[in-house]
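Participant: Sharing a structure, written as structure tokens. Questions coming.
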Amino acid sequence: MLTENSAWRLGLVHAFAFCLFLSDCFAQIRYSVPEELTRGAFVGNVAKDLGMDVTKLAAANLQVLSDSDSQYFSVNVNTGIIIVNDRIDREQLCGQNLRCFLHLKLAIENPVEFYRIEVEILDINDNAPVFSSSTISLQIYELAALGLALSAFCTFDSCFSTKGASRELF
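The sequence shown begins at 26 in the numbering used here and counts up one residue at a time.
This is how it looks when you write it as structure tokens:
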């Protein structure tokens, strides 16, 4: 028969074990890739990043599942390497958001495990910002503090809509 104190300790042990189980099952991996990579481009090696035995990967039956309608990535079941399946257009995928992420799940059949993978799609800035003036003149005092932001200028980045102006600090 369990006393109240031992039942509390047992519950605490179960909660701790459950947390360990969750952290193992839902470990998160993060990768960053520039937009518009060609098909077959390397993204990351999940086998290496998760400490998996490469010799057992084929039997594990790895699969990359995406939350989006398009399957932008696939995994080589023999090496654990994730590659680009389809060209990624960051502006089409994320619009004017400053940061763009694709959320994936790595499913392993044998033994059953799931891992979350987050891939940040980086803007390659294929369109350079346009300044409103071709020359900029600043007066900087000799005693100005190091790292002082002196002025802000509006720019236009054609990746975004006509209202997508940004501010550049100098």
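Even for Gly, the Cβ is constructed at its ideal location relative to N, Cα and C.
Decide yes or no for the touch test of the region 118 to 127 against the region 156 to 171: beta carbon pairs closer than 8 Å, at least 3 of them.
Facilitator: no
Participant: Quick check: the Cα distance between residue 171 and residue 56, rounded to an integer number of angstroms?
Facilitator: What you label residue 171 is simply residue 146 of the sequence shown in a count that begins at 1. What you label residue 56 is simply residue 31 of the sequence shown in a count that begins at 1. Taking the straight line joining both Cα atoms gives about 34 Å.
Participant: What is the DSSP secondary structure of residue 127, reduced to helix, strand or coil?
Facilitator: Working through the sequence shown from its first residue, we reach residue 127 at position 102. The answer is strand: DSSP assigns residue 127 an E or B state.
Participant: Tell me the DSSP secondary structure of residue 137 in three-state form.
Facilitator: Indexing the sequence shown from 1 puts residue 137 at position 112. DSSP, read as helix, strand or coil, puts residue 137 in coil.
Participant: Quick test of your reading: residue 72 and residue 79, contact by CB under 8 Å. State the CB separation rounded to the nearest angstrom.
Facilitator: As a working note, residue 72 is residue 47 in the sequence shown. As a working note, residue 79 is residue 54 in the sequence shown. The Cβ separation is near 5 Å, so the contact holds.
Participant: Pull up the distance between the alpha-carbon of residue 5 and that of residue 169, whole angstroms please.
Facilitator: Because the chain in this structure spans residues 26 to 195, residue 5 falls outside the shown range and cannot be described.
Participant: Starting from residue 90 and walking both ways along the beta strand (DSSP E), at which residues does that stretch end?
Facilitator: Within the sequence shown, numbered from 1, the residue matching residue 90 stands at position 65. First-last of the beta strand (DSSP E) with residue 90: 87 to 91.
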